[in-house]
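K.L.:
My structure is below; once you've seen it, I'll send some questions.
Residue numbers (this note's numbering): 65 to 297.
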């Protein structure tokens, strides 16, 4: 649903009550957002996604603000064996070298697609913080330097999401995100299928909500693919 959390406000609230704040920064990566600078105590990443970026490594990482927390995590890492193989480490180092270039390309394409979809006759709503129409656009600009490559849009009633998905030729139907290729999914039927239907409805997630992890392909090809698929919807 592309909701944004006010990290500074939540960090203050947590610390006022003696709690610590952990932020999942997978969507924006350190290139666009640095939660430790905003007051977070822990930052986690699914490095499988944008940090890896090529759908060829499974990894995760955690960054901490406190030396004491770091030592505690190092003990757990040694005790549990939570370490990557040398080859997986090499894959991540390789990918991080191009992180900035890739994130800029993801964002550029995502904004172009969001604006295109916002004007499409078969689209009801587009959810992307980079759009001025997003209710938390100002907050996004305040705490992040970019809005990333992930967006969602809701097709109008009477459209056929299945026909839309079947008509795609460039975009790939998949649950993951953050890869150089564009991935599309229907959260209600895929990533959030285990969430009870009434809860999904309360969150605003219906069967016509489509999520796109925008890749770095040529933007004209991506928009052409979307238009063709929407024509079949």
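Each residue gets a CB set at the ideal place from its N, CA and C atoms; glycine is no exception.
Quick check on residue 161: buried or exposed, where buried means 16 or more other Cβ atoms within 10 Å of its Cβ?
P.N.:
Exposed.
K.L.:
With H, G and I counted as helix, E and B as strand and the rest as coil, what does DSSP make of residue 144?
P.N.:
Residue 144 falls in the helix class under three-state DSSP.
K.L.:
Taking 8 Å as the threshold (C-beta atoms), are residue 116 and residue 127 in contact?
P.N.:
Contact: no.
K.L.:
Tell me, please, which residues DSSP counts as bridged to residue 106.
P.N.:
DSSP output for residue 106 lists 86 and 128 as bridge partner(s).
K.L.:
Please report the distance separating the alpha-carbon of residue 188 from that of residue 218.
P.N.:
Whole-angstrom Cα-Cα distance: 6 Å.
K.L.:
What would DSSP say about residue 244, mapped onto helix, strand or coil?
P.N.:
Here residue 244 sits in coil by DSSP.
K.L.:
Flag this pair as touching only if the segment 101-115 and the segment 72-91 have three or more C-beta atom pairs under 8 Å; answer yes or no.
P.N.:
Touching, yes.
K.L.:
Would you list the residues sitting across from residue 277 in a DSSP beta bridge?
P.N.:
Residue 277 pairs with 214 and 247.
K.L.:
Would residue 272 pass as a contact of residue 223 if the rule is Cβ separation under 8 Å?
P.N.:
Taking 8 Å as the Cβ cut-off, residue 272 and residue 223 qualify as a contacting pair.
K.L.:
Apart from the five residues just before and just after residue 169, which ones in its own chain have a Cβ nearer than 7 Å to its Cβ?
P.N.:
Here the set comprises 280.
K.L.:
Here's a check: name, in chain order, each residue in its chain whose Cβ is nearer than 7 Å to the Cβ of residue 203, leaving out the five neighbours to either side.
P.N.:
The residues are 68 and 70.
K.L.:
Tell me the rounded alpha-carbon separation between residue 228 and residue 292.
P.N.:
Their backbone Cα atoms lie some 8 Å apart in a straight line.
K.L.:
For residue 121, which of helix, strand or coil comes out of DSSP?
P.N.:
Residue state, collapsed to three classes: coil.
K.L.:
Flag this pair as yes or no: are the beta carbons of residue 213 and residue 278 separated by less than 8 Å?
P.N.:
Their beta carbons are under 8 Å apart, which means residue 213 touches residue 278 by this criterion.
K.L.:
Starting from the C-beta of residue 84, find all residues in its chain whose C-beta is less than 6 Å away, skip the five residues before and the five after it, and write them out in chain order.
P.N.:
If we look at residue 84 and ignore the five residues flanking it on each side, its Cβ neighbours are 105.
K.L.:
Along the alpha helix (DSSP H) that carries residue 191, what are the first and last residues, could you check?
P.N.:
Per DSSP, residue 191 belongs to no alpha helix (DSSP H); it is in the beta strand (DSSP E), 187-191.
K.L.:
Indicate whether residue 65 and residue 268 have their beta-carbon atoms separated by less than 8 Å.
P.N.:
Their beta carbons are under 8 Å apart, which means residue 65 touches residue 268 by this criterion.
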